[in-house]
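Asks:
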Amino acid sequence: MIRLALEMLIGDRVKALGLMLGVAFTAFLVTFAAGYFAGFMTNGFALITENSAADVWVMDPAVMSVEATINVTDAALNRVRAVPGVARAWPMLLADVEARFPNGRFQTFQLVGLDDVTLAGLPDSASPDVAARLRTPDAVVVASGGTSGKLGTPAQLRDQWPYDGAHLNVPLRPLAAGDQVLVNGLRVRVAAQARVLERFPPRPLMYTGIANARRLLPPERQRPTFVLVRARDGVSSRQLAQRIERQTGLRARPRDAFKADTVRWYLVNSEDVGDMTAMLMLAMVVGFGVAGIMLYMFSYENLRQYAVFKAMGASGRQLVGMVLAQAGGVAVLATGIGLGLCSLAGSAVAASGHPFRMLWFAPVLGAGGVLLISLTAALISVRPLLKLSPGEVFAGR
Amino acid sequence: MAVVCQGLTKQYGHGSNTFQALRGLDLTVATGELVMLVGPSGCGKTTLVSILSAVIEPDAGECRVLGQDLIAMTPDEKTRFRRTHVGFVFQTFNLLPALSLAENVAVPLFIAGRHRRTALAAAEQLLDRVGLAGRADAKPGELSGGQQQRVAIARALVHGPSLVVCDEPTSNLDHRNGQEMMKLLRDTALAANRTVIVVTHDPRILGYADRVVHMDDGRIVTAPAPSSSERVGG
Ligand SMILES: Nc1ncnc2c1ncn2[C@@H]1O[C@H](COP(=O)(O)OP(=O)(O)OP(=O)(O)O)[C@@H](O)[C@H]1O
Ligand SMILES: [Mg+2]
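The listed protein sequences correspond, in order, to chains W and Z.
Those letters in the first sequence? Residues 7 to 403, by this note's numbering.
Those letters in the second sequence? Residues 231 to 464, by this note's numbering.
1. Quick one: list the residues of chain Z neighbouring residue 13/W, beta-carbon separation under 8 Å, in chain order.
2. Kindly indicate which three-state DSSP category residue 321/Z falls into: helix, strand or coil?
3. Please state if the CB of residue 202/W and the CB of residue 181/W are separated by a distance shorter than 8 Å.
4. Thinking C-alpha only, which one of 329/Z, 236/Z, 307/Z, 407/Z is nearest residue 290/Z?
5. For residue 314/W, verify whether its CB is less than 7 Å away from any heavy atom of ligand 2.
6. Spell out whether any CB of chain W is found under 8 Å from the CB atom of residue 255/Z.
7. For the stretch 380 to 399 of chain Z and the stretch 313 to 322 of chain Z, state whether three or more C-beta atom pairs, one from each stretch, are separated by less than 8 Å.
8. Helix, strand or coil, according to DSSP, for residue 240/Z in the structure here?
9. For ligand 3, I want to know if residue 29/W counts as a neighbour, meaning its beta carbon is within less than 7 Å of at least one of the ligand's heavy atoms.
10. Along the chain, where does the alpha helix (DSSP H) that runs through residue 355/Z open and close?
11. Ignoring anything shorter than 4 residues or poking outside the stretch 121 to 204 of chain W, list the alpha helix (DSSP H) runs there in chain order.
12. According to DSSP, simplified to helix, strand and coil, what is residue 396/Z?
13. Looking at C-beta atoms only, is the number of pairs between the stretch 400 to 419 of chain Z and the stretch 428 to 437 of chain Z that lie closer than 8 Å three or more?
14. Are the C-beta atoms of residue 249/Z and some chain W residue less than 8 Å apart?
15. Please name the residues in the stretch 304 to 321 of chain W whose beta-carbon is closer than 9 Å to at least one beta-carbon of chain Z, in chain order.
16. Quick one: which unbroken beta strand (DSSP E) runs of 3-plus residues sit fully inside the stretch 294 to 321 of chain Z? Chain order, please.
17. Would DSSP call residue 299/W helix, strand or coil?
18. Give the interface partners of residue 370/Z over in chain W, defined as CB-CB distance under 7 Å, in chain order.
19. Taking the runs of the beta strand (DSSP E) that are 3 residues or longer, which of them lie wholly in the stretch 257 to 299 of chain Z?
20. Hey, would you say residue 346/W sits closer than 8 Å to residue 41/W, going by beta carbons?
21. Could you tell me which of 247/Z, 367/Z, 293/Z sits nearest to residue 354/Z, measuring between CA atoms?
22. Between the alpha carbons of residue 332/W and residue 12/W, how many angstroms are there, rounded?
23. Mind checking the stretch 395 to 425 of chain Z against chain W and listing, in chain order, the residues whose C-beta falls within less than 8 Å of any C-beta there?
24. Throw me the rounded Cβ distance for the residue 429/Z and residue 276/Z pair, which I believe falls under 8 Å.
25. Could you tell me the distance, in whole angstroms, from the CA atom of residue 377/W to the CA atom of residue 335/W?
26. So, with DSSP's three-state summary, where would you put residue 96/W?
27. How is residue 452/Z classed by DSSP in three states: helix, strand or coil?
28. May I ask you to verify whether the stretch 114 to 127 of chain W touches the stretch 203 to 213 of chain W, counting CB pairs closer than 8 Å and requiring at least 3?
29. Residue 324/W touches chain Z at which residues, Cβ-Cβ below 8 Å?
30. Kindly list, in the order they appear in chain W, the residues whose Cβ is closer than 9 Å to that of residue 288/Z.
31. Using a Cβ-Cβ cut-off of less than 9 Å, list which residues of the stretch 261 to 293 of chain W approach chain Z; keep chain order.
32. Considering only residues of the stretch 255 to 299 of chain W, which uninterrupted alpha helix (DSSP H) runs meet the minimum length of 4 residues and lie entirely inside it, listed in chain order?
33. For residue 246/W, name the three-state secondary structure that DSSP assigns.
34. Cβ of residue 397/Z within 7 Å of any heavy atom in ligand 2?
35. Helix, strand or coil: how does DSSP classify residue 462/Z here?
36. For a contact defined as C-beta to C-beta under 9 Å, what are the partners of residue 313/Z on chain C?
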C-alpha cells in the first residue's frame, strides 16, 4: 500500500513536482535564513572564538555579552590568579577609539588590548614577525572586521599630514605596515593589516598590547575589561567558573556559555537582531504555511481516490499510512533538494563575504521543520479522509 | 440466500431538511443470482446497494448478507466484510490514474495484504479474462471507457468476492459497450457461489438479468420470488 501511495504521488507528475518544489523552497528558505542568522551570531561572538586559549572569561557582574562591556578593577587579575585551578590568567582591554588618518579623515575602531607577555588573541594570520613588531611601544595591527573601505589612507604623499586642512576627497589605499594614524592625538604605527573573523555588527579593529592601549586611553578606560583564564589540566571550565565567581564576586563564564550568553544578549537587546529575527520568523511562517497548505491540498484532492480504497475495505490505518508515506516522501525528497540548494547558495554567499554559517541547527531546523509541517498537514488532511463515507464513491457523487 | 432484508429504512439529513430514501424495504436475493435494480432517479437504489455492501448503515430493519448480520457488525467488521466478500463496480469506473492496469486490478489484494508479486499475477490473469491480455502495464488513461469498465470488473472479481455490486455500470458507456460489458459480467462474474446486483437505468440491458426488481419511492414495487424468475441472457 505504501508503494501504491508513492506511485500515486509520482504518477501525478505535475502536481507532485509543484508540491516538491514548494516544499523544497521552504526547506531552502528556512535553512538559509537560519544559516544567515547563525552567521550573524557567529560573527557576534568572534572575539570569544578568537581567544580559544581562554577556558573561562571573567568580567564585571553586570556584563552579559562580549558586545556591551564595562571594565573591572586592576586588582581583579590578581584575585583571579589566586583561585585554585587557574593555570594562567591574563587581561584583555576593549575600548572604542577614534582614529584620525593622515588626510584628516576619522574612523571609529574597536581597540583590543592584548596581554603584553603572550599577545594571546592576536589574529592567527598575523605572522610571528608581526607579533615581534607589535611589541614596539606604539605599534598596532589593524583589521577590517567585516567592513569594507573603512581602512583607507591617502595614497599620495601630498595628502598626508597637510598644513592646509583636511584632504578628504582624495585617492585612498588600504592601510599597510608602516602607515601611521593618530589615536586620541597620539601617533600609532601600523605593524600589519590582519585578516580576522568578521564582526557583528561589522567594525574596524585595532589590536595592540595592553600597555600601548593604556597609553592611548584616558585613565578611566585603562582598566582591563576581561580577565581570561586557562584552567589547570583536569579542572572543568564550569566548576572553575563557579569557583571564581564565589571567590571574587566577579562574573565568570566558560567559553561556550559566554558565547551563548552573547547570542541571548543580542536576541534580547539588539533591535537590529530583533528585526532580523522577526524577518526570519516571517520567512519560516510563510514557508511552513505554504508547504503545509500545498500538502493539505494534495491530500485533499486525492480524497476521492482514497474513498475508493476505503469502499474496497482499506482500514483507517492503511489510509493514514498511505497519506503519511506521500507526505513523508515529498518532505524527505524536497528537504534533500532544499538543503542541497542551500549549501550551494550558502557557500557562494559565504565566499562573497556574507555572514553565512551552516551551523548544525540550520539544516536541523529546515529539515525537522519541513518534516514536522508535512506530517502535520498530512495528519490534518487525513481527518476528512477518516470521516469520509465510502458511499461517496458511488454513482459519481 | 445471499441477501435477506426486511423493513429497511434510511433517512438522510437532519432537522427539517431530511429525506426518507428507504421506507421499509424488503428484499431477498438468492445465491448465484444476477439481480437488476431499476427505478426512477432518487428512489433509493444506490442507498440500497450501499447498505447491502456494508458501506452505509440503515436506520432500522434487518439485513443479512452472505449469512452475516450487517446490523450487528462493528465498523471494523464491516471494513473486513467489504474487503473479503464484496466486489464493487462504480458508474465512474474510479480507476486510479497513476497506477498500471495490473496494479489497479490488484488493489483489493494489496488491501488484503497479499504479496505484490502474487497479487499482480492474479491481476494479470483477470485482465486476460476480461479481454485485456498484454495491457497489464498500460495506464487507465490510455483506455476507452468500455475498456476501463472491463478493468473495473476485473478489479471487482480479483479477490473472489461472494457479492458483486454494480451501480449503473453502463451509464457512461454507449449501447454496444454496455451490451458487451453486461455479457462480460454475466460470463465472468456470475458463478454458483457468487451473487451479482446491478443498479441500472438502462432498459436495454435488462435482458441479462435473472430477475429485475423495480423500486419506487424507497420501496420494492414488484419483486417476484427468486424461484419464479425466468433466466435470460448469458
Ligand atoms: N448523502 C446523502 N445526503 C443527503 N441526501 C442523500 C444522500 N444520498 C442520497 N440522498 C438522497 O436520497 C435519495 C435517494 O438517493 P439514491 O442515491 O439512493 O437514489 P438513486 O435511486 O440511486 O438515484 P439515481 O438513479 O439518481 O442514482 C435521493 O433523493 C438523494 O438526493
Ligand atoms: Mg444512484
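Backbone N, C-alpha and C define an ideal beta-carbon position, used for all residues, glycine too.
Replies: Well, looking at it:
1. 328, 329, 333
2. coil
3. no
4. 236/Z
5. no
6. no
7. yes
8. strand
9. For the structure depicted, ligand 3 is absent and the ligand set comprises only ligand 1 and ligand 2.
10. 346 to 359
11. 134 to 140
12. strand
13. yes
14. no
15. 310, 311, 313, 314, 315, 316, 317, 318, 319, 320, 321
16. 316 to 319
17. helix
18. Near residue 370/Z there are no residues of chain W at all, since even the closest Cβ is about 10 Å away, more than 7 Å.
19. 264 to 268, 290 to 295
20. no
21. 367/Z
22. 6 Å
23. 397, 398
24. 6 Å
25. 10 Å
26. strand
27. strand
28. yes
29. 341
30. The contacting residues do not exist; residue 288/Z stays about 12 Å from chain W at best.
31. none
32. 261 to 275
33. helix
34. yes
35. Caution is warranted here: a pLDDT of 47 is assigned to residue 462/Z, below 50, making its placement in the model unreliable, and the coordinate value is therefore given only provisionally. Of the three classes helix, strand and coil, the one that applies to residue 462/Z here is coil, per DSSP.
36. Any reference to chain C falls outside this structure, whose protein chains are W and Z.
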